[in-house]
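J.: Numbering (our numbering), first residue to last: 518 to 854. Once you've had a glance at the structure underneath, I'll fire off some questions.
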């Protein structure tokens, strides 16, 4: 009797599984909602980095994906309303930096971008791109800008409210062949006239100035120093020569970002660079584009103690290993940022 009861339950379950109970898979299991594909780089920063190659004419473009979520394909047309959202950027700045307004991300001014007010997503399309056109002519590349966007509410669709997926805070990153993060442990900063007790920092970020120029902070000046703007110097890459192994070497010219050169920057030795491309040792789809800078310069710290300025001598090398996926055609996507 007990066996018949168990077999009966099994037959009922089997009938549900193979029969009419399976109809639930024909229905939408999750609500179709709209969201940006703009992943946050870190919980603290709260922004999505987008990368565009620097061009002399200032023009650039970026396609921001908009996703229709759900367990089935999108079965209807959407006209999604999108707008700039400065309030969210204001909140992010306060939460991240408190009263350090000198570190705040700046709202990208309107003259540097053009966006449509709506984007159409037709039925059958689960991901559509939102085109953003930029023109950075005249922009201050010394500052960090964010373009904050939001999907506006509308009765014709639902926003994906989970963790703010309907918002995108796009941090603008322009790049050239020489910008990026450099390992700088080999760059030593000494008191001028001394060769002992040198100091160094583990990494430095070179930021775009022009097609062949980047800027760094001098010596051991850190990225959040209140006086950091006084200690920026530009590195200009001169025309290089290529040897039989394809290695490029060339001269570097250093100058102060500040035309008045208050830090009295001067080259105190030969400055040069070395650039080579190598295959990745274990990943055949990657190329390693390696740039090494050899620097020798002096500068004066005139803000720490105004009555007793300190002269420093910086010498050594720093290197960047930019890895590029050769299978991806879009350059900004191919670089392993």
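Glycine included, C-beta positions come from ideal geometry on N, C-alpha and C.
According to DSSP, is residue 567 part of a helix, a strand, or is it coil?
T.: If DSSP states are grouped into helix, strand and coil, residue 567 belongs with the strands.
J.: Take the Cβ of residue 597 as the centre, count every other Cβ of all protein chains shown within 10 Å, and call the residue buried at 16 or more, exposed below.
T.: Under this definition residue 597 is a buried residue.
J.: First and last residue of the alpha helix (DSSP H) that includes residue 850?
T.: Run containing residue 850: 848 to 851, per the alpha helix (DSSP H) assignment.
J.: Where residue 715 and residue 813 are concerned, what is the direct C-alpha to C-alpha distance, given to the nearest angstrom?
T.: Cα to Cα, residue 715 sits roughly 14 Å from residue 813.
J.: Under DSSP, the beta strand (DSSP E) around residue 765 begins and ends at which residues?
T.: Segment 765 to 773, the beta strand (DSSP E) holding residue 765.
J.: When we look at the beta-carbon of residue 724 and count the other beta-carbons within 10 Å, is it buried (16 or more) or exposed?
T.: Answer is buried; the Cβ neighbour count reaches 16.
J.: Counting only runs that start and end within the segment 640 to 719, where is the beta strand (DSSP E) found for 3 or more residues in a row?
T.: Whole beta strand (DSSP E) segments, 3+ residues: 644 to 652, 662 to 668, 684 to 692, 697 to 700 and 704 to 708.
J.: Between which residues of its own chain and residue 850 is the CB-CB distance below 7 Å, once the five residues before and five after are set aside?
T.: Cβ neighbours of residue 850 beyond the five flanking positions: none.
J.: Is the separation between the beta-carbon of residue 507 and that of residue 573 shorter than 8 Å?
T.: Since the displayed the chain opens at 518 and closes at 854, residue 507 lies outside it and no answer follows.
J.: May I have the straight-line CA-CA distance separating residue 738 from residue 787, to the nearest angstrom?
T.: If I take the Cα positions, the gap works out to 22 Å.
J.: Please name the residue or residues paired with residue 582 in a DSSP beta bridge.
T.: Paired residue(s): 646.
J.: Taking contact to mean 3 or more Cβ pairs, one atom from each stretch, closer than 8 Å, check whether the segment 630 to 642 and the segment 693 to 706 are in contact.
T.: In short, these stretches do not touch, since the Cβ pair count stays below three.
J.: Between 551, 569 and 778, which has its C-alpha nearest residue 637's C-alpha?
T.: It is 551 whose Cα lies nearest to the Cα of residue 637.
J.: Which value, in whole angstroms, describes the spacing of the CA atoms of residue 659 and residue 584?
T.: Rounded to whole angstroms, residue 659 to residue 584 spans 33 Å at the Cα level.
J.: Quick check: the segment 790 to 809 against the segment 678 to 692, are there 3 or more CB pairs under 8 Å?
T.: With the cut-off at 8 Å, the segment 790 to 809 and the segment 678 to 692 do not touch.
J.: If we ignore side chains and look at the alpha-carbon of each, how far apart do residue 542 and residue 741 end up?
T.: For residue 542, the pLDDT reaches just 46, beneath the cut-off of 50, and the residue's location in the model is therefore unreliable, although a value from the coordinates is still provided. For residue 542 and residue 741, the distance between alpha carbons rounds to 54 Å.
J.: What did DSSP end up calling residue 802 once you bin it into helix, strand or coil?
T.: Coil at residue 802, not helix or strand.
J.: For residue 545 and residue 592, what's the separation of their Cα atoms in angstroms?
T.: With a pLDDT of 47 at residue 545, under the threshold of 50, the predicted position of this residue should be treated as unreliable, though the coordinate-derived value follows. Distance between the alpha carbons of residue 545 and residue 592 is about 10 Å.
J.: Taking DSSP as the reference, what is the three-state secondary structure of residue 628?
T.: DSSP places residue 628 in helix when its eight states are reduced to three.
J.: Check the DSSP bridge columns for residue 835 and list the partner residues they point to.
T.: Beta-bridge pairing links residue 835 to 810.
J.: Would you identify the three-state DSSP class for residue 491, choosing helix, strand or coil?
T.: Beyond the ends of the chain as shown, which are 518 and 854, falls residue 491; an answer cannot be given.
J.: With distances taken between CB atoms, is the gap from residue 663 to residue 688 smaller than 8 Å?
T.: In this structure, residue 688 lies closer than 8 Å to residue 663 by Cβ.
J.: Relative to the C-alpha of residue 736, which candidate in 649, 767 and 773 has its C-alpha closest?
T.: Considering only alpha carbons, the answer is 773.
J.: Using the C-alpha atoms, what's the distance from residue 586 back to residue 539?
T.: With a pLDDT of 49 at residue 539, under the threshold of 50, the modelled position of that residue is not reliable, and no figure is offered here.
J.: Does residue 845 pass the burial test, meaning 16 or more other C-beta atoms within 10 Å, or should it be called exposed?
T.: When all chains shown are included, residue 845 counts as exposed.
J.: Can you tell me where the beta strand (DSSP E) holding residue 622 begins and where it ends?
T.: Note, residue 622: premise wrong, no beta strand (DSSP E); not H, not E.
J.: Using a threshold of 8 Å, state whether the C-beta atoms of residue 746 and residue 653 are closer than that.
T.: No. Outside cutoff.
J.: What's the C-alpha gap between residue 679 and residue 553?
T.: So the two alpha carbons sit approximately 11 Å from each other.
J.: Skipping 5 residues on each side, what residues in its chain have a beta carbon closer than 8 Å to that of residue 564?
T.: Excluding residues within five positions, the ones whose Cβ falls inside 8 Å are 557, 558, 609, 622, 663, 686, 687 and 688.
J.: Does residue 615 come out as helix, strand or coil in the three-state DSSP assignment?
T.: In this structure, residue 615 counts as coil in the three-state DSSP scheme.
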